[in-house]
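Going by numbering that gives the first Met the number 0, 122 is the number at position 123 of the sequence shown; the sequence numbering is gapless. A short write-up of the structure that comes next.
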Amino acid sequence: MNTSLFTIYKIEMIKLIKRKDWLALLALVAISFMFGAAVLSSGYIGESNQSALYWVSTQIFNSSGILITPMIFAFICSRILASEIEDGSISLYTTRYRNRGRMYFAKNLATISFATITFIIVFIINIAIYYIFVCQNPTISSGKFLGNNIWALVIVLGAVYISSFILTTQFSLFLSAYLKPAPVIGIVFVIVLVFHNTFRVPYLQNINPWYYLIKLSDDVFSTTNQVVVNYSEKLNLFFAFILLNIIYIIIFNLLAVKKFKGSDLQ
0 MNTSLFTIYK IEMIKLIKRK DWLALLALVA ISFMFGAAVL SSGYIGESNQ SALYWVSTQI
60 FNSSGILITP MIFAFICSRI LASEIEDGSI SLYTTRYRNR GRMYFAKNLA TISFATITFI
120 IVFIINIAIY YIFVCQNPTI SSGKFLGNNI WALVIVLGAV YISSFILTTQ FSLFLSAYLK
180 PAPVIGIVFV IVLVFHNTFR VPYLQNINPW YYLIKLSDDV FSTTNQVVVN YSEKLNLFFA
240 FILLNIIYII IFNLLAVKKF KGSDLQ
């Protein structure tokens with residue numbers, strides 16, 4: 000059956016929602032709730048005079064730093080492909096939709112959409128936490144939505160979205176074409192851990208997304224005061240980061256589609 004990419008995409012999105020794996024995403028905001036409660040109880044140690052944008056940026060960054068974001072998406076992406084291959088349910092779709100390349104890209108688009116929606120929801124919830132909890136402590140909160148270093152923080156948020164939400168889903172889906180769910184999750188954990196601990200290694204740092212995230216965020220996360228930002232340097236770093244992610248994503252997709260097309264899924 001020559002089914003359109005959009006039709007398969009809708010089916011994949013419905014499957015993602017019905018599986019209720021998305022409930023695991025509550026962990027992404029759980030840490031923010033804990034920090035918000037700590038601010039209320041004066042047990043929070045952090046920068047004073049935080050704007051909503053600063054709070055949201057650091058909280059989403061922290062979820063990636065302590066591996067919550069990559070592990071959740073590794074789990075969800077392994078379920079959407081590796082689990083279906085393992086239990087044989089994928090054959091229900093491969094016999095109906097003959098174009099495996101189209102099927103893989105539909106799953107890919109579904110995970111990207113899911114990751115993007117998740118990012119937006121987490122962003123909104125963190126803003127709510129800021130105004131409900133953090134603003135109760137005038138020492139920590141400035142009460143402002145934007146505050147200082149606006150564009151530098153926006154760049155950091157964009158970089159976290161690309162790396163932790165998009166690249167992670169692409170890598171996990173790529174591994175799912177080759178491996179069972181448990182190895183997919185395990186390898187994602189190991190690779191992310193290696194990236195987080197080798198971003199200062201010369202030469203290797205240039206191919207390490209975490210190196211770029213640290214470089215982009217170090218100055219604006221270290222203070223809530225206005226800092227002198229070299230935006231030319233910052234944007235060059237950001238575009239190099241985007242290019243690196245694009246290269247990784249292209250490689251992952253080419254290899255995954257090739258494997259998926261050649262797999263015996265009967």
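Yeah, the Cβ is synthetic: ideal placement off N, Cα and C, and Gly gets one too.
What residues are listed by DSSP as bridge partners for residue 204? For the purposes of this step, residue 204 is taken as the residue at position 205 of the sequence shown. Answer is none; residue 204 lacks a bridge partner.
| message | Pairs of beta-carbons, one from the region 68-80 and one from the region 237-252, closer than 8 Å: are there three or more? | response | no
Practice prompt. Specify the secondary structure class of residue 140 as computed by DSSP and reduced to three states.
Written response: Locating residue 140 in the sequence shown gives position 141, counting from the first residue. Residue state, collapsed to three classes: strand.
Given residue 81, which residues of its chain have a CB within under 7 Å of its CB, disregarding the five upstream and five downstream residues? Walking along the sequence shown from the start, residue 81 turns up at place 82. For residue 81, where only same-chain residues beyond five positions count, the Cβ hits under 7 Å are 175, 178, 179, 180 and 183.
Point to revise | residue 225 - DSSP class collapsed to helix/strand/coil | key: Stepping through the sequence shown from its first residue, residue 225 is reached at position 226. In the structure shown, residue 225 sits in coil (DSSP, three-state: anything other than H, G, I, E or B).
Problem - Own chain, CB closer than 7 Å to residue 106, minus 5 neighbours either side, in chain order - result: Residue numbering aside, residue 106 sits at position 107 when the sequence shown is read from its first letter. Result list for residue 106: 11, 79, 80 and 172, in chain order.
Residue from 84, 27, 137 and 260 with nearest C-alpha to residue 41: Numbered from its first residue, the sequence shown carries residue 41 at position 42. The shortest Cα separation from residue 41 among 84, 27, 137 and 260 belongs to 137.
Can you tell which of 103, 198, 110 and 84 has its C-alpha closest to the C-alpha of residue 13?
-> Mapped onto the sequence shown, residue 13 falls at position 14. Ranking 103, 198, 110 and 84 by Cα distance to residue 13 puts 110 first.
Can residue 55 and residue 98 be called in contact, C-beta distance under 8 Å?
-> Position 56 of the sequence shown, counting from 1, holds the residue named residue 55. Position 99 of the sequence shown, counting from 1, holds the residue named residue 98. Cβ atoms of residue 55 and residue 98: not closer than 8 Å.
With which residues is residue 58 paired in a DSSP beta bridge? In the sequence shown, counting from the first residue as 1, residue 58 sits at position 59. Its beta-bridge partners do not exist; DSSP assigns none.
Checklist line | Reference residue 210, options 31, 22 and 155, closest by Cα | finding: Sequence index remark: in the sequence shown, residue 210 carries index 211 (1-based). The residue with the shortest Cα to Cα distance from residue 210 is 155.
Check your understanding: By the 10 Å Cβ neighbour count, where 16 or more other Cβ atoms means buried, how is residue 5 classified, buried or exposed?
Key -> In the sequence shown, counting from the first residue as 1, residue 5 sits at position 6. Residue 5 is exposed by the Cβ-count criterion.
Q. By how many angstroms is the C-alpha of residue 190 removed from the C-alpha of residue 84?
A. In the sequence shown, the residue the question calls residue 84 occupies position 85. In the sequence shown, the residue the question calls residue 190 occupies position 191. Computed Cα separation, rounded: 23 Å.
For this session: Quickly, what does DSSP pair residue 169 with across the bridge? List them, please.
Result: For this step, residue 169 is matched to residue 170 along the sequence shown. DSSP lists no partner for residue 169.
Taking the alpha helix (DSSP H) that residue 258 belongs to, which residues open and close that run?
Taking the sequence shown and counting its residues from 1, one reaches residue 258 at position 259. From DSSP, the alpha helix (DSSP H) with residue 258 extends over 230-261.
Point to revise | Expected contact under 8 Å - CB spacing of residue 284 and residue 240 to nearest Å | key: Residue numbering for the chain in the displayed model covers 0 to 265; residue 284 lies beyond these limits and cannot be assessed.
- [ ] Kindly indicate the opening and closing residues of the alpha helix (DSSP H) around residue 103.
- [x] To locate residue 103, count along the sequence shown from 1; it is residue 104. That run of the alpha helix (DSSP H) goes 99-131.
Are there 16 or more other CB atoms within 10 angstroms of the CB of residue 170, so buried, or fewer, so exposed? Residue 170 sits at position 171 when you count from the first residue of the sequence shown. Classification of residue 170: buried, given that the 10 Å Cβ count is 16 or more.
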